[in-house]
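Enquirer: In my numbering, the protein residues as written are 291 to 437.
1) Ends of the alpha helix (DSSP H) at residue 357?
2) Measuring alpha carbon to alpha carbon, tell me which of 332, 342, 401 and 320 ends up nearest residue 303.
3) Is it the case that the Cβ atoms of residue 398 and residue 381 are separated by a distance below 8 angstroms?
4) Buried or exposed for residue 394, please, with buried defined as at least 16 other CB atoms from any protein chain shown within 10 angstroms of its CB.
5) Residue 334: buried (16+ other C-beta within 10 angstroms of its C-beta) or exposed?
6) Mind the definition here: the region 360-380 touches the region 333-349 only if three or more C-beta pairs lie below 8 angstroms; say whether that holds.
7) Hey, could you find the ends of the alpha helix (DSSP H) residue 299 is sitting in?
8) I need the DSSP call for residue 390, collapsed to helix, strand or coil.
9) Among the residues of its own chain, which have a CB less than 7 angstroms from the CB of residue 415, if the five just before and after it don't count?
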């Protein structure tokens, strides 16, 4: 284990999460591409076992990562934002999907549910869904089975 990546802010920082099959496929493709870079670099390859590395296997400079994040936001036509803002997006997506609070806490590494108020943001879609559910509860006509 590398000293510069060994510690996390809390125990929750070291956790397993599930990955969508599509992301696993992309990561496998990335690994194959990195294997080709390793072969091309030959003796110049720095064996650091980084998931994302320079073409010679070294760690990616944080400034390069920052610049790439900004480039991707612009390319996608999205507003400028910090990489950390992606945690808010992830938490809000879990809210939209209706993921149980306990599961969200485990995925996000939160020790208490108060973090949800900080990271999860109500969207118009969530508000509409709540309104439709309340409307269905109050005004939907009973089914023939209930008569």
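Cβ atoms here follow ideal geometry from the backbone N, Cα and C, with glycine treated the same way.
Expert: With the given structure in hand:
1) In the chain shown, counting from the first residue as 1, residue 357 sits at position 67. Residues 352-365.
2) The residue labelled residue 303 in the question sits at position 13 within the chain shown. It is 401 whose Cα lies nearest to the Cα of residue 303.
3) Locating residue 398 in the chain shown gives position 108, counting from the first residue. Locating residue 381 in the chain shown gives position 91, counting from the first residue. The criterion of a C-beta distance shorter than 8 angstroms is satisfied by residue 398 and residue 381.
4) On the chain shown, residue 394 is found 104 positions in, with the first residue counted as 1. A residue is called buried when at least 16 other Cβ atoms come within 10 angstroms of its Cβ; residue 394 meets this threshold and is buried.
5) Working through the chain shown from its first residue, we reach residue 334 at position 44. Around the C-beta of residue 334, fewer than 16 other C-beta atoms lie within 10 Å, and the residue is accordingly described as exposed.
6) With the cut-off at 8 angstroms, the region 360-380 and the region 333-349 do not touch.
7) Position 9 of the chain shown, counted from the start, is the residue given in the question as residue 299. First-last for residue 299: undefined, no H or E at that position.
8) Here residue 390 corresponds to residue number 100 of the chain shown, with the count starting at 1. The three-state reading of DSSP puts residue 390 in coil, since its state is none of H, G, I, E or B.
9) Counting from 1 along the chain shown, the entry for residue 415 is found at position 125. If we look at residue 415 and ignore the five residues flanking it on each side, its Cβ neighbours are 386.
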